[in-house]
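Let me begin by presenting the structure, written as structure tokens, before commenting on it.
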Amino acid sequence: MNSKFCYALILGSALVFTGCGKKMNQFRADYFSVNPNPLEVVGEKVPATVTGKIPGKFFVKNAEVTVTPYLEFNGTEIASTPYTFQGEKVRGNNPVISYDGGGTVTIPVSYNYNPEMIKSNLSLAFTVRQGGKQYALPRVKVADGVVATAALADAATVSPAIAPDKFQRIINEKFDADIKFLINQANIRDGQLRTAEMNNLHQEIAEANEDNRREIKEINITSYASPDGGVELNTRLAENREKNTKSYVQNKLKKDNISEFGELTANFTPQDWEGFQRLVAASNIQDKELILSVLSMYKDPEQREREIRNLSSVFDQLAEEILPQLRYSRITASIDVIGKSDEEIMNIYSLNPKALSVDEILYAATLTDNNDKRLQIYDTAIELYPKDYRAYNNLGMCQYIDQDYEAAEANFAQAARLAPESGEAQMNLGLVSLLNKNYKEATAKFGNAAGVPALGDALGVYYMKQGDYNSAIRAFGDSKTNNAALAQILNKDYSKAKNTLSGVVHPNATTFYITAILGARTNNEKMVMNNLRQAIKLDKSLAAKAQNDLEFAKFNLRNL
Numbered sequence: 001m002n003s004k005f006c007y008a009l010i011l012g013s014a015l016v017f018t019g020c021g022k023k024m025n026q027f028r029a030d031y032f033s034v035n036p037n038p039l040e041v042v043g044e045k046v047p048a049t050v051t052g053k054i055p056g057k058f059f060v061k062n063a064e065v066t067v068t069p070y071l072e073f074n075g076t077e078i079a080s081t082p083y084t085f086q087g088e089k090v091r092g093n094n095p096v097i098s099y100d101g102g103g104t105v106t107i108p109v110s111y112n113y114n115p116e117m118i119k120s121n122l123s124l125a126f127t128v129r130q131g132g133k134q135y136a137l138p139r140v141k142v143a144d145g146v147v148a149t150a151a152l153a154d155a156a157t158v159s160p161a162i163a164p165d166k167f168q169r170i171i172n173e174k175f176d177a178d179i180k181f182l183i184n185q186a187n188i189r190d191g192q193l194r195t196a197e198m199n200n201l202h203q204e205i206a207e208a209n210e211d212n213r214r215e216i217k218e219i220n221i222t223s224y225a226s227p228d229g230g231v232e233l234n235t236r237l238a239e240n241r242e243k244n245t246k247s248y249v250q251n252k253l254k255k256d257n258i259s260e261f262g263e264l265t266a267n268f269t270p271q272d273w274e275g276f277q278r279l280v281a282a283s284n285i286q287d288k289e290l291i292l293s294v295l296s297m298y299k300d301p302e303q304r305e306r307e308i309r310n311l312s313s314v315f316d317q318l319a320e321e322i323l324p325q326l327r328y329s330r331i332t333a334s335i336d337v338i339g340k341s342d343e344e345i346m347n348i349y350s351l352n353p354k355a356l357s358v359d360e361i362l363y364a365a366t367l368t369d370n371n372d373k374r375l376q377i378y379d380t381a382i383e384l385y386p387k388d389y390r391a392y393n394n395l396g397m398c399q400y401i402d403q404d405y406e407a408a409e410a411n412f413a414q415a416a417r418l419a420p421e422s423g424e425a426q427m428n429l430g431l432v433s434l435l436n437k438n439y440k441e442a443t444a445k446f447g448n449a450a451g452v453p454a455l456g457d458a459l460g461v462y463y464m465k466q467g468d469y470n471s472a473i474r475a476f477g478d479s480k481t482n483n484a485a486l487a488q489i490l491n492k493d494y495s496k497a498k499n500t501l502s503g504v505v506h507p508n509a510t511t512f513y514i515t516a517i518l519g520a521r522t523n524n525e526k527m528v529m530n531n532l533r534q535a536i537k538l539d540k541s542l543a544a545k546a547q548n549d550l551e552f553a554k555f556n557l558r559n560l
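Per full-length UniProt numbering, residue 1 is the first one in the sequence shown, and the count goes up by one each step.
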């Protein structure tokens, strides 16, 4: 035998037996596992992790393999990021698979969700580079389908923020007048009954008595004595001042023929230390800080009085400027102003809306559940009060509910121009951005809407679209909505989800569909079937959706 031929034969055999000369064998499906399987939508992505366990004596030492994960659906396919690993003899920076011992590879995959992916296959394509040549190995299918429950999160179902009206049917007003007393006296001087504030008080009470839209709810008397003079003397003085003032008020009401005034109450304070401290703090008295420190150091009224009297340099000024202001009785009338009833407002709106204030018109819109009627009312508000941002915001709210998103956005923007600080307008603009998948802008707008009550639901959907279900649940709080229940299901908190779904005020087809998913996840066939039937009754398109939904893969839906 030719010596060169023998050498070549020996060398070739060595290459084969050391795993260098032969081609790669086909990869088998059981080399790979996928988590999760089936795939699952998270936010708006379809992420997964493919783990390959390559056996020994398989991976050729001089081979480099690039794996491309493809999601195949409806006659098309989308590639995820390719992943390359190599044999022991390859010079490169990729993960190395041992020929003798094999090895493990981890391949992350991610796709932007498309509803058609529900019926799909995840397969791996292999491209081998070896000895200066390149060839492909057959694809391997590693997973079937996508669970798209997270895609049910819907910004369109979030209620936009209403800019509230300030209408109050009953507004309480208070009017008061003081009767000043001389030191150590409790008798009421005639001059104290003819002051401007006393005359105004009696006029308000008399007018309220004659006005069927005003009601006197209470007349209260509080009588005081200044802190000087000792507790026993001041108690007697304050009590007598209360008694005399109450007698005066009773006689005045009787004289003016006022019998309906709610309740007449009276009380007294023997030593008005709080009033003393307040007046001293607001004064320009010398050494006032020293006086205030005495009040903070001593709580016993007798000791307080002694210590303050010892401040001889300022006591005369206190006796002249402060203490006389604390010898008085205050008469306070609490009067309710009764506004238009709901029926009156709606009647005036239909006849002459110009006769209503902007707050009354905005309030009128809250008296109906008919969205078309509300649209009309807010249009009227804009016509009559074109500078009030609330009318534009609330009109946009109704348009959003009607799925007229372009018009809604225009009115939210106008509201924001009229009132840039309006949290409601900012939140609603953020909601439109969320609907349009402009998440960066949505985040900025939501940041300007802190404190708006409706913000929690909008933020909840935002976090769901990011796949952050814990944050979504915190944002939703106790909200009883489809979106809130969905977040709890995705977070596997099935008990809370059941409670949330039962609290949805106006359940719709989606509510029942989500409840069926909850039944599937808790292996409750009756719950699945009953709720799917109800969902399909309200929305027939859900029949086909349920048939393809992997949440229901182990249930027989043929009888729906």
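All C-beta atoms, glycine included, are put in the ideal place defined by N, C-alpha and C.
Predicted model only: the values in this text are computed from it and were never measured.
Where does residue i fall in DSSP's three states?
i, result
"R28", "coil"
"E421", "coil"
"V65", "strand"
"S357", "coil"
"R139", "strand"
"Y439", "helix"
"V42", "strand"
"N35", "strand"
"A155", "helix"
"F59", "coil"
"F512", "helix"
"L550", "helix"
"Q192", "helix"
"K545", "helix"
"G467", "coil"
"T245", "helix"
"T522", "coil"
"N556", "coil"
"A454", "coil"
"I258", "coil"
"R91", "coil"
"V528", "helix"
"K498", "helix"
"Y385", "coil"
"H202", "helix"
Using DSSP bridges, identify the partner residues of residue i.
i, result
"R330", "D178, T222"
"residue 619", "Because the chain spans 1 through 560 in this model, residue 619 falls outside it and cannot be assessed."
"A125", "T68"
"K53", "T104"
"R214", "V337"
"L264", "I219"
"E173", "I335"
"N112", "K45"
"T366", "Per DSSP, none; premise fails for T366."
"residue 566", "Nothing in the structure corresponds to residue 566, since the chain is present only between 1 and 560."
"I78", "L71"
"T269", "Y224"
"residue 575", "Coverage of the chain is limited to positions 1 through 560, which leaves residue 575 absent and any answer about it impossible."
Pull up the CB-CB distance for residue i and residue j, whole angstroms please, since I reckon it's below 8 Å.
i, j, result
"G430", "K445", "3 Å"
"G43", "L550", "With a Cβ gap of about 18 Å, G43 and L550 do not count as contacting."
"G102", "P55", "5 Å"
"I188", "N234", "Contact doesn't hold; Cβ gap of about 18 Å is too wide."
"S123", "Y70", "5 Å"
"I517", "I489", "6 Å"
"A449", "Q426", "4 Å"
"S159", "D457", "7 Å"
For this session: Evaluate contact between the segment 374-381 and the segment 354-361, counting only Cβ atoms and requiring at least three cross-stretch pairs below 8 Å.
Result: yes
Exercise. Is there contact between the segment 427-436 and the segment 153-163, where contact requires at least three CB pairs shorter than 8 Å?
Worked result: yes
Exercise. Quick one: any contact between the segment 243-260 and the segment 206-220, if contact means 3 or more CB pairs under 8 Å?
Worked result: yes
Problem set entry | Inter-stretch contact at 8 Å, needing at least 3 Cβ pairs: the segment 485-498 / the segment 173-181 | no
Exercise. Is there contact between the segment 469-489 and the segment 192-207, where contact requires at least three CB pairs shorter than 8 Å?
Worked result: no
Problem set entry | Those runs of the alpha helix (DSSP H) which lie wholly inside the segment 282-314 and span at least 4 residues | 288-297, 301-309
For this session: Evaluate the contact criterion for the segment 274-294 versus the segment 303-314: three or more CB pairs, one atom per stretch, below 8 Å.
Result: yes
For this session: Enumerate, from N- to C-terminal direction, the unbroken beta strand (DSSP E) stretches of 3 or more residues contained entirely within the UniProt repeat "TPR" (389-422).
Result: none
Problem set entry | Touching by the beta-carbon criterion (3+ pairs, under 8 Å), the segment 122-142 and the segment 482-497 | no
For this session: Indicate whether the contact test is met: 3 or more Cβ pairs, each with one atom in the segment 279-290 and one in the segment 262-269, closer than 8 Å.
Result: no
Problem set entry | the segment 220-228 touching the segment 326-334, judged by at least three CB pairs closer than 8 Å | yes
Exercise. Touch check for the segment 51-67 and the segment 23-31: three-plus C-beta pairs under 8 Å?
Worked result: yes
For this session: Report yes or no: do the segment 102-117 and the segment 398-409 share at least 3 C-beta pairs separated by less than 8 Å?
Result: no
Exercise. Counting Cβ pairs, one atom from each stretch, are 3 or more of them under 8 Å apart for the segment 538-549 and the segment 507-515?
Worked result: yes
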